[in-house]
Every structure is written in C-alpha cells, then in structure tokens.
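Asks:
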Amino acid sequence: MLQSILFITLLLGRASAAEVAYSLADLEVLSQEGAFTEFFVHAMDIRPSERQETWKNMVTKMADAATRTILNKAEIEKKDFNWIENHYRWPVLKNDDVFKLKRQDIGLRYLNACLKKEVPCWDDVKMFWEADLQNPETSFKLAEMVVQYKNSPYTTWTFLEVPLKNPLSEFYCKKDFVMDSLWGKLEIDYIRLGSKGDFLTKIDQTLHHDCLPSLNAEANKRLYSPVKVGDRELAYQILNSQGKMDQKTEDFFLTVYLLEKPSQGELFNYSWNRVKQLAQAPSRRDKVLTMLKNLDPLPDELFMSLDQQKKRVILQLFKTHFPEYITFYSHQCVQFYGGKSAFPQGNPTVHCQDFMNSELAPQFIDADQIKLFQDARKI
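Each residue of the sequence shown is one higher than the one before, starting from 7 at the first, in my numbering.
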C-alpha cells in the first residue's frame, strides 16, 4: 500500500514538474542560447498582460532564427510548413513584416514542390491562402504558381480578385496570365449582365482603376486580332463602356460584327444602320476598308452561316452599301487558290471555297470572279 502511494506521488511530482510554466527570465536565457524550439514551446507561458516589448522582441528574434534555419534546408518539409502556419496565427508574428516575407518564401517553396507530387497538396494551398486572404502579393504568387496545373481545383481568378483591386494592380495586370484570367472573368460578367446591364459598374467592381490602361490595351489588341470567338465584341464593350471608342474604330467594329456571327439585338441594329451610314460617307467607308484589308484572316464567318435568310439579307446590305468589301474578299480568294500572291499565314479567306461553290454566290460575287476561282481549282 505504501509503495503504491509513493509511486503515485512520484508520478504526480513528475507531472507537476513538466507543467511548470517558464518565466520571462527563462525565455531570455533560451533567446540568448538561440534555442528556438524550446523557446516556442513555452513562449505562451507568459501571461498576456506581461507580453510587452521585451517578450515581443524575443519572439520576433527567435522566429527569425527559426525561419532562417528552415530556409537553409534543401527541402522544406510538411512539418516545417505546418510549424510556420501555426505560428503565423500569433498576432505578434502576423504583424511582423520580416516574418511575413519569410513565411511567404517558405510556404511557396513548400507548395511548389508538393504540388508536383503524385498526390498534390491542394488542401495546403487553400490553408496557406486563407490565412492571409487580403495580402495581394501572396494571392498573386499563388495564382502564378497554380496557372501551370490543369488539374487545379481552383481557377486562377480565385487568387487574383484581391490583387487586381489593389493599388499595385497596374503591375499585376501587365502579366499575360493575369490578363487572360481577367478577360475570362469579364467575358462571363458581360454574358450574365446582358445588353441592359451596366458593364462599366461591373468593371469598376472587379479591378482597381490603375489596371484599366492594361485592360484597354488588351481590348484594342483583341479588337483587331481576336484570340477566340467573342473577343471583338467584348473588346468593343470594354472600350465603349468607358467612352474610349472613336468614330473610326466604332465604324470598323460595327462593320466586322455583321461579317462574323451577329445575333439579333441592339448591337445588330447599330451595325446594320452603321453600314448604311457608311454608304453616305465615302471617306469613312474607305478608312474601314483599309482596316479590313489589314486583317488576316478576313472576317467571313457569315458566309458559312446556316441561317440562309440572315446570310442573304446581310450580304445584300453589303452589296448595296459596301460592295468594296465583297469585291476585295472574292479577289483575295482567287489570288490564294490561283497561287497569284504569297500568303505567309495561309488562306486569308477561310470560308471562301465553300461559299464560291454555293448556290448563293452568283447573287453577290461577280461571274468573272467565280469563273477565275473555278479555273484555279481545276489546276
């Protein structure tokens, strides 16, 4: 019985000893020795009311030592990442700029490595991001990292929303992958808003005004060299919503709009009336024709439309009010298939072969051009 009591007393004594709280003096000794592992086990032993400048300075000093040790490793391990993230919750470290920068370096190095593994660490990406949601640089770095992974459960825009609302957005917007993501976001917004929506308000809600010059430069580029279907219309809407569309550019877009895949609506009506106006303004029409001639390929999706009535009506509009384009288009078609000119980028009239062979062609293309085309195809 006595032995049992002694044994229990000994265990309780050991437990009490293990639970003894460290004093500020104890932490000072550990700080001087650079024993950061033991230091952080007991740093919170100090009562909140006593965590003044001396304590804060020791914590940041030891955190610096710990992060330097981790960064010197050839490979940052999961336990290192978890250690940093757990201590980043401490207000004294979350407000320390040096620790924030080193935390970012450690986290990004770890994530970049573990995403390449057989089982990517997407949960760690989420944890790392959510711990500092309002930090634009961290979010941007994550977006830059995950854009290369096709199997990512997150879109690039997930991480870019905060950076592009930040005053530093002008630097982020200059990156191609950022602009591609922003373009895709605005494309969805424009479709959801519809013709009656306030697109400028949506743009203002999405990005800082310092990003607008880069967005407008991209819109001007895609207006003349679209990457995909719909780019020209979105480019027009981005510029037009800000009052950035001059008459010459608007004449060009509205003309091209009818030659591609126009849908019934307000924009169709604007385009229809604009082509009719150009018939009464030869100098404006000549400028548009010059701009059209510089496109490669030439806009001609209309020629392959399955809506025969729409195709016939629009082509009649051009034959009556802007016949120069149809003439130039058919000439380029003949030149390409006849091998009369060099076309480094291939056929500039993608759909002309099918159109020239259609029953509709004789109504809009000169007979001699059709014959030249047919003769060229026989060679």
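Note that beta-carbon positions come from the ideal geometry of N, C-alpha and C, so glycine has one too.
Source: prediction; values computed, not measured.
Hey, Leu298 and Tyr276: beta-carbon distance below 8 Å or not?
Replies: no
Asks: Just list the alpha helix (DSSP H) runs in the segment 228-279, keeping only unbroken ones of 4 residues or longer that don't cross its boundaries, in chain order.
Replies: 237-247 and 253-265
Asks: Helix, strand or coil, according to DSSP, for Val281 in the structure here?
Replies: Residue state, collapsed to three classes: helix.
Asks: Report the three-state DSSP secondary structure of Met7 (helix, strand or coil).
Replies: Note that Met7 has pLDDT 47, beneath the 50 cutoff, so the model's placement of it is unreliable and no number is given.
Asks: Are the beta-carbon atoms belonging to Asp302 and Leu265 less than 8 Å from one another?
Replies: no
Asks: Go to Asn190, then tell me how far its alpha helix (DSSP H) extends in each direction, as first and last residue.
Replies: It is worth fixing the name first, because residue 190 is Gly in this sequence and not Asn. Where Gly190 is concerned, the enclosing alpha helix (DSSP H) stretches over Asp182 to Leu199.
Asks: Hey, would you say Tyr343 sits closer than 8 Å to Ala287, going by beta carbons?
Replies: Not a contact, by the Cβ cut-off of 8 Å.
Asks: Taking buried to mean at least 16 other C-beta atoms within 10 Å of its own C-beta, is Met68 buried or exposed?
Replies: buried
Asks: What residue range is occupied by the uninterrupted alpha helix (DSSP H) comprising Gln392?
Replies: Residue 392 is absent from the structure shown; the chain starts at 7 and stops at 385.
Asks: Measuring straight from C-alpha to C-alpha, what distance separates Gly40 and Val65?
Replies: 11 Å
Asks: If I follow the unbroken alpha helix (DSSP H) through Met68, where does it start and stop?
Replies: Looking at the DSSP string, the run of the alpha helix (DSSP H) that includes Met68 is Glu59 to Leu77.
Asks: Suppose contacts are defined by Cβ-Cβ distances below 8 Å. Is Ala31 in contact with Glu81 by that definition?
Replies: no
Asks: When the distance is taken between beta carbons, is Phe205 closer than 8 Å to Arg238?
Replies: no
Asks: Please report how far the alpha carbon of Phe324 lies from the alpha carbon of Thr255, in whole angstroms.
Replies: Cα-Cα distance, rounded: 19 Å.
Asks: Quick check for students: name the residue ranges of the alpha helix (DSSP H) that lie wholly in the segment 312-344, counting only runs of 4 or more.
Replies: Complete alpha helix (DSSP H) runs here, min 4: 314-327 and 329-343.
Asks: With DSSP collapsed to three states, give me the class of Thr207.
Replies: In the three-state reduction of the DSSP assignment, Thr207 falls in the helix class.
Asks: Does Asp102 pass the burial test, meaning 16 or more other C-beta atoms within 10 Å, or should it be called exposed?
Replies: buried
Asks: Would you decide whether Gln251 is buried or exposed? Buried here means 16 or more other CB atoms lie within 10 Å of its CB.
Replies: Sequence check: residue 251 is Met here, not Gln. Answer is buried; the Cβ neighbour count reaches 16.
Asks: Going by Cα to Cα distance, which pick from Gln253, Lys106 and Ile194 is closest to Leu240?
Replies: Considering only alpha carbons, the answer is Ile194.
Asks: Closest by CA to Cys127, which one among Glu83, Lys346 and Thr296?
Replies: Glu83
Asks: Looking at Pro354: is its Cβ nearer than 8 Å to the Cβ of Gln338?
Replies: yes
Asks: Alpha carbons only, please: which of Asp138, Tyr263 and Arg290 is nearest the one belonging to Val235?
Replies: Tyr263
Asks: If you draw a straight line from the C-alpha of Asp182 to the C-alpha of Ser336, how long is it?
Replies: Computed Cα separation, rounded: 36 Å.
Asks: Taking the beta carbon of His357 as the centre, do at least 16 other beta carbons fall within 10 Å, making it buried, or is it exposed?
Replies: His357 should be labelled buried.
Asks: The alpha helix (DSSP H) that contains Asn88, what's its start and end?
Replies: Residues Lys84 to His93.
Asks: Can you give the Cα-Cα distance for Lys384 and Leu221, rounded to whole angstroms?
Replies: 48 Å
Asks: Suppose contacts are defined by Cβ-Cβ distances below 8 Å. Is Leu304 in contact with Val294 by that definition?
Replies: no
Asks: Confirm, please, whether the CB-CB distance from Ile197 to Ser247 is below 8 Å.
Replies: no
Asks: Find the nearest neighbour of Gly200 within the set Arg318, Ser269 and Gly113, judged by alpha-carbon distance.
Replies: Ser269
Asks: Which residues in the same chain as Leu12 place their Cβ atom closer than 6 Å to its Cβ, once the five residues preceding and following it in sequence are excluded?
Replies: Note that Leu12 scores a pLDDT of 40, beneath 50, so its modelled location is shaky; the value from the coordinates is reported in the next line. If we look at Leu12 and ignore the five residues flanking it on each side, it has no Cβ neighbours.
Asks: To the nearest angstrom, how far is it from the Cα of Glu56 to the Cα of Leu33?
Replies: 13 Å
Asks: Please confirm whether Tyr94 and Ala137 have their CB atoms less than 8 Å apart.
Replies: yes
Asks: Please determine, among Phe334, Met310 and Ala348, the residue with the shortest C-alpha to C-alpha distance to Phe361.
Replies: Met310
Asks: By a C-beta neighbour count over all protein chains shown, 10 Å radius and 16 as the cutoff for buried, is Arg74 buried or exposed?
Replies: exposed
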